[in-house]
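Peer 1: Residue numbers (the numbering used here), protein chains in the order written: chain X, 47 to 156; chain D, 213 to 322.
For each residue, glycine too, the CB sits at the ideal point set by N, CA and C.
My questions all concern the structure below.
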């Protein structure tokens with residue numbers, strides 16, 4: 047079946063790098079996404095990677111994909127207090143429906 | 213601001229009642245998706261419409277239905293409401309593989 051797992055919580059200090067990890071079971075996912083959700087808000091699309099790519103960099107964000115291990119990670123460089131939020135990874139395939147992970151709460155300490 | 217709008221922002225209703233949630237997609241997007249976010253189930257895909265036609269169904273209860281109108285806005289109808297239907301309901305719109313989410317409707321069933 048389709049399943050996406052994430053660790054529940056990550057705490058970092060301001061200025062450090064954050065790495066949020068995700069593992070997925072559905073190998074038919076064509077695109078893999080990272081979304082950010084701040085308290086009381088909707089989901090903001092941060093970045094995505096196509097399944098035939100290994101890495102994508104977008105300003106402070108770096109996405110790494112290991113298809114063999116079905117592992118996806120999001121690295122945030124120079125983490126700021128404004129990055130505190132819940133981060134969701136999601137997989138999308140031919141049907142376009144997104145399968146979301148459980149979300150990782152990122153807490154940035156000043 | 214994603215460009216996707218949802219109304220109402222909050223909805224409080226009693227068990228057994230029926231409600232309608234409304235979504236207006238980004239200008240030009242033909243696809244609308246509905247998702248439910250709850251504490252116990254996480255983020256779950258409900259249904260996908262493309263240009264007025266149903267394209268995919270997820271874990272949507274029979275008490276729930278949706279439609280997409282000629283002007284591309286969509287409505288999600290929830291009937292015979294139960295306490296467990298209390299959740300955040302998001303719609304997302306897309307013109308390809310990127311899904312942009314609205315701010316959500318928080319439904320509380322008492």
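Going by alpha carbons, who is nearest to residue 214 of chain D out of D:300, D:236 and D:227?
Peer 2: When each option's Cα is compared against that of residue 214 of chain D, the closest is D:236.
Peer 1: Is it true that the segment 118-127 of chain X meets the segment 277-287 of chain D, where meeting means three or more beta-carbon pairs spaced less than 8 Å apart?
Peer 2: They do not touch, by the three-pair rule.
Peer 1: Let me check one thing: in DSSP terms, what residues is residue 289 of chain D bridge-paired to?
Peer 2: D:232 and D:277, per the DSSP bridge assignment.
Peer 1: By the DSSP assignment, the beta strand (DSSP E) with residue 269 of chain D in it spans what residues?
Peer 2: Unbroken beta strand (DSSP E) run through residue 269 of chain D: 265-269.
Peer 1: Is there contact here, the segment 216-227 of chain D with the segment 103-112 of chain X, by at least three beta-carbon pairs under 8 Å?
Peer 2: With the cut-off at 8 Å, the segment 216-227 of chain D and the segment 103-112 of chain X do not touch.
Peer 1: Am I right that residue 51 of chain X and residue 76 of chain X are in contact with their C-beta atoms under 8 Å? What's the rounded C-beta distance?
Peer 2: Actually they do not touch by this definition, with Cβ atoms about 19 Å apart.
Peer 1: How would you write the range of the beta strand (DSSP E) that residue 102 of chain X sits in, first residue to last?
Peer 2: Where residue 102 of chain X is concerned, the enclosing beta strand (DSSP E) stretches over 101-104.
Peer 1: For residue 217 of chain D, report the span of its beta strand (DSSP E) as first-last.
Peer 2: Start and end: 217-219.
Peer 1: Nearest chain D C-beta to residue 142 of chain X closer than 8 Å, yes or no?
Peer 2: Closer than 8 Å: yes.
Peer 1: In this structure, what does DSSP give as the bridge partners for residue 116 of chain X?
Peer 2: Paired residue(s): none; residue 116 of chain X is not in a bridge.
Peer 1: Note down, in chain order, every chain D residue with its Cβ under 9 Å from the Cβ of residue 146 of chain X.
Peer 2: In chain order: 247, 249, 254, 255, 256 and 257.
Peer 1: Looking at chain D, which residues of the segment 85-104 of chain X have a Cβ within less than 8 Å of any of its Cβ atoms?
Peer 2: Listed by position along the chain: 87, 88, 89, 90, 91 and 94.
Peer 1: Determine whether the Cβ of residue 138 of chain X lies closer than 8 Å to any Cβ atom of chain D.
Peer 2: It does; some Cβ of chain D falls within 8 Å.
Peer 1: With a threshold of 8 Å on Cβ separation, who are the neighbours of residue 226 of chain D within its own chain once the five nearest residues in sequence on each side are excluded?
Peer 2: Once the five neighbours on either side are set aside, the close Cβ partners of residue 226 of chain D are 293, 321 and 322.
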